[in-house]
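Numbering (our numbering), first residue to last: 6 to 389.
We put the CB at the ideal spot given by N, CA and C, even for glycine.
This one's a predicted model, so the numbers in the text were calculated from it and none came from an experiment.
Below: the structure, in structure tokens.
This is the structure:
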């Protein structure tokens, strides 16, 4: 007999409302044209910027309180006196600015007419390159105030390059033992060493454009073994056009001081506005470059550290691209040793290889329970 085909009854179509929540056909994901995330937890750029400002303010407040709490009573009193004095001097400068400039104008003119007067300013600017000397910004403004924007820039730029180069050499030679101890025991310096090895001149220029203390940055950069003095001098020379901001502000102040009563209120206002504008532009550009520099440094640091760690785990040695420079090899070796220590660190809690298994009770274990009475009766019946 031929087998008969079984025909199933046609089932009625399901109501779409009954199938909601079940498996639905796949659809291509939809992307918003506005670029915003549709998640309820997403934040607008304004909210993110506000949160960053709040986090930065809280961080600065915690840092200030930590430093303030570390002061002794005498240090706190001196700090309050210095802050009050600076505020009073700033207020007096704003009130008597015209009289101050009228007094400084003739002095600047006599300084400019003095033979070899520019050498004095050049030497002062040169000395401010050595840590912890301060006053570099004042030298830049003075150069523009006495010699004008372009001539002052030439004096300031040459003194900056020469001073930075010599400060770099002195910091690396006289403080050599201190620098070696710092690099040998601080992982951040080793990572930055590898970072500057890969992206040296570009990153150096970005660092020199950052609003960092001039003399302290010269000393700090000397602690990176992969930064060569010639490359550091070249980076400093490449960023000298930004010094025009200092000399231009000084030249505008000189124009206000030498005007006496001839300059109209509109011209004075224009000079002050130009001074404020270039000051804000310089500070904003410096801060922006600082943020980009730190982001680039973190990115390169992560790439170099990942390359070293991966090579150590595979071959037991740092990558070969660091073998051409002994200083970079030393920094990479430090990261390798630290990674090896972390990799072979024996932690009793982490090395517990016991896996999870259900704990069986006596009632659930058939080997401990034995054959039950029902099974014994059934076996006895089968034997009969």
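Legend entry - Run of the alpha helix (DSSP H) containing residue 171, from where it starts to where it stops: 154-179
Inset, instruction - Look at residue 145 and residue 216 and say whether their C-beta atoms are less than 7 angstroms apart. - result: At the C-beta level, residue 145 and residue 216 stay beyond 7 angstroms of one another.
Legend entry - Other residues of its chain near residue 263: CB distance less than 6 angstroms, five sequence neighbours each side excluded: 110
Legend entry - Short Cβ contact (7 angstroms threshold) for residue 177 with residue 227: A distance below 7 angstroms separates the beta carbons of residue 177 and residue 227.
Legend entry - Inter-stretch contact at 8 angstroms, needing at least 3 Cβ pairs: the stretch 120-139 / the stretch 242-253: no
Inset, instruction - Could you have a look at residue 89 and say whether DSSP puts it in helix, strand or coil? - result: Helix, per DSSP.
Inset, instruction - Report the rounded CA-to-CA distance for residue 97 versus residue 57, giving the unit in angstroms. - result: 36 angstroms
Inset, instruction - Assess, as a yes-or-no matter, whether the stretch 68-75 is touched by the stretch 218-237 under the definition of 3 or more beta carbon pairs within less than 8 angstroms. - result: With the cut-off at 8 angstroms, the stretch 218-237 and the stretch 68-75 do not touch.
Legend entry - Short Cβ contact (7 angstroms threshold) for residue 134 with residue 169: Yes, they are a contact pair.
Legend entry - Straight-line gap, residue 234 to residue 53 (C-alpha atoms, nearest Å): 41 angstroms
Inset, instruction - For residue 233, name the three-state secondary structure that DSSP assigns. - result: coil
Legend entry - Distance, residue 174 Cα to residue 214 Cα: Note on geometry: alpha-carbon atoms of residue 214 and residue 174 lie some 20 angstroms from one another.
Legend entry - Alpha carbon of residue 80 to alpha carbon of residue 67, nearest angstrom: 19 angstroms
Inset, instruction - Please report the residue range of the alpha helix (DSSP H) in which residue 256 lies. - result: It spans 249-263 - the alpha helix (DSSP H) in which residue 256 sits, taken as one unbroken run.
Inset, instruction - Kindly give me the distance between the Cβ atoms of residue 259 and residue 150, rounded to whole angstroms, as I take these residues to be in contact under 8 angstroms. - result: 5 angstroms
Legend entry - Residue span of the alpha helix (DSSP H) that contains residue 1, given as start and end: In this structure the chain extends from 6 to 389, so residue 1 is not present and cannot be described.
Legend entry - Reduced DSSP category for residue 77 - H, G, I as helix; E, B as strand; rest coil: Correct three-state label for residue 77: coil.
Legend entry - Under 7 angstroms between C-beta atoms of residue 250 and residue 282: no
Legend entry - Residues near residue 129 by beta carbon distance below 7 angstroms, same chain, minus five either side: Scanning its chain for C-beta atoms nearer than 7 angstroms, with the 5 sequence neighbours on each side dropped, one finds around residue 129 the residues 144, in chain order.
Inset, instruction - Out of 239, 172, 82, state which residue places its alpha-carbon closest to the alpha-carbon of residue 210. - result: Check the Cα spacing between residue 210 and each of 239, 172, 82: the tightest is with 239.
Inset, instruction - Give the secondary structure of residue 280 by DSSP, where H, G and I count as helix, E and B as strand, and everything else as coil. - result: helix
Inset, instruction - Within its chain, find whatever has a CB closer than 7 angstroms to the CB of residue 361; leave out the 5 residues flanking it on each side and keep chain order. - result: Residue placement at residue 361 is poorly supported in this model, since its pLDDT is 49, which falls under 50; the coordinates still yield a value, given next. None.
Inset, instruction - Indicate whether residue 464 and residue 280 have their beta-carbon atoms separated by less than 7 angstroms. - result: As displayed, the chain neither begins before 6 nor continues past 389, which places residue 464 out of reach and without an answer.
Inset, instruction - Determine the DSSP secondary structure at residue 133, reduced to helix, strand or coil. - result: coil
Inset, instruction - Give the range of the alpha helix (DSSP H) segment to which residue 221 is assigned. - result: Residue 221 -> alpha helix (DSSP H) spans 219-226.
Legend entry - Collapsed DSSP secondary structure at residue 138 in the structure displayed: coil
Inset, instruction - Measure the C-alpha to C-alpha separation of residue 207 and residue 237 and round it to an integer number of angstroms. - result: 11 angstroms
Inset, instruction - Report yes if the C-beta distance between residue 69 and residue 261 is below 7 angstroms; otherwise report no. - result: no
Legend entry - Among 63, 118, 125, 166, the one whose alpha carbon lies nearest that of residue 220: 166
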